[in-house]
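Remarks on the structure that follows.
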Amino acid sequence: MARRKIVAGNWKMNMTPSQAVALCAELKDLVKSDDVDVVYCVPAIDIIPVVEAVKGTNVAVGAEDMSFEEKGAFTGEISADMLLDAGVKYVIIGHSERREYHKEDDASLNKKVLKAIEKGLTPILCCGETLEQREMGITLDWIRTQIKSDLKDVTAAQVAELVIAYEPIWAIGTGKTATTAQAEEVCKAIRECIAEVYGTDTAEKVRIQYGGSVNAGNAAELFAQPNIDGGLVGGASLKADFGKIVCYK
Ligand code: PEP
10 MARRKIVAGN WKMNMTPSQA VALCAELKDL VKSDDVDVVY CVPAIDIIPV VEAVKGTNVA
70 VGAEDMSFEE KGAFTGEISA DMLLDAGVKY VIIGHSERRE YHKEDDASLN KKVLKAIEKG
130 LTPILCCGET LEQREMGITL DWIRTQIKSD LKDVTAAQVA ELVIAYEPIW AIGTGKTATT
190 AQAEEVCKAI RECIAEVYGT DTAEKVRIQY GGSVNAGNAA ELFAQPNIDG GLVGGASLKA
250 DFGKIVCYK
């Protein structure tokens, strides 16, 4: 069974609510697709207007992060229940910017993954190596450790439903894309790691995205790789080019 591609935009800290609604209108016809799942992962304050703006379209809405706590005295945090109630379907967990600037570690990310799944949100779990780690030749070991720690206590059936995004940190927002061979090598290794821990059936089902300076010019080649099931797209998700990435064929 072929895996359905999934292309998600990560808007990061861009777009005020009114700009967000305008972008949804601009992209509406450009991102229409029968065979690709399309997701806009947007800043918390944009969630409600974006859910409204994409109603009746093929676009689903994601959050960029969430708390692993249920509710209560956690100022500034957003819970899974809040996201669900607002109409969110996906949540990015463990983006390298969260890992770096907010010191999120694998133990807390594992709690977030478990909470998202418990509530019925689909995690887009990010992993990736630094340039230093790549140059040291430890990329695959590092990614395997991240995946195994972040997915601790997640069942095979749950893993089959989630999305993993391989995002080499050195390629994010830098204009440097991993070569197609580099991206495929790591996505394949992630699938092999899933097969080893959860079995081949699960590994065949889980969707693995590549992220890192994906653009209208490189999406087709990247997404044609056997282990790359779409992309997590930062900068290029904020403009009309995102439509070309979704309709990459
Ligand atoms: C990202 O933020 O997840 C990302 C991949 O950004 P960019 O496409 O801008 O490199």
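The working numbering puts the first residue of the sequence shown at 10, with every later residue one more than the last. In this text, a Cβ means the ideal position worked out from N, Cα and C, and glycines have one as well.
Where do the N-terminal and C-terminal ends of the beta strand (DSSP E) with residue i fall, by residue?
i, result
"L93", "First-last for L93: 89–95, but that is the alpha helix (DSSP H), not the beta strand (DSSP E)."
"I257", "Reading off the sequence shown, one finds Tyr at residue 257, where the question assumed Ile. No beta strand (DSSP E) contains Y257, which DSSP labels as neither H nor E."
"A72", "68–72"
Which term fits residue i, buried or exposed, when burial requires 16 or more other beta carbons within 10 angstroms of its beta carbon?
i, result
"E106", "buried"
"F83", "exposed"
"Y207", "buried"
"H111", "exposed"
"I54", "exposed"
"T25", "exposed"
"K80", "exposed"
"R108", "buried"
"D94", "exposed"
"S27", "exposed"
"P235", "exposed"
"G182", "exposed"
"G226", "exposed"
"E205", "exposed"
"A31", "exposed"
Could you check how far apart the C-beta atoms of residue i and residue j are, in whole angstroms? I think they sit under 8 Å.
i, j, result
"G18", "V172", "That belief does not hold up - the Cβ atoms of G18 and V172 are roughly 13 Å apart, past 8 Å."
"V40", "V68", "6 Å"
"G221", "T189", "Rounded, the Cβ-Cβ distance is 12 Å, inconsistent with contact."
"K14", "D238", "6 Å"
"D159", "G103", "6 Å"
"I156", "C202", "5 Å"
"T139", "I178", "5 Å"
Put residue i into one of helix, strand or coil per three-state DSSP.
i, result
"P58", "helix"
"G243", "coil"
"D43", "coil"
"T131", "strand"
"Q234", "coil"
"V51", "strand"
"V168", "helix"
"I173", "strand"
"V63", "coil"
"F251", "helix"
"K120", "helix"
"D114", "coil"
"T84", "coil"
"A228", "helix"
Just to confirm the assignment, what range does the alpha helix (DSSP H) spanning residue i have?
i, result
"P26", "26–36"
"R12", "Taken as a continuous stretch (DSSP letters only), R12 belongs to no alpha helix (DSSP H), as it is neither H nor E."
"V206", "189–207"
"I181", "Element bounds for I181: n/a, residue is neither H nor E."
"I217", "It is not in any alpha helix (DSSP H) - I217 instead sits in the beta strand (DSSP E) that spans 216–220."
"L149", "148–159"
"M75", "M75 -> no alpha helix (DSSP H), and no H or E assigned at all."
"E144", "140–145"
In the DSSP output, what is residue i paired with across the bridge?
i, result
"I102", "L134"
"N19", "C50"
Consider the C-beta atom of residue i and the heavy atoms of the ligand NAD; say whether any pair is separated by less than 7 Å.
i, result
"G220", "Questions concerning the ligand NAD fall outside what the structure shown contains, since the ligands it does hold are the ligand PEP."
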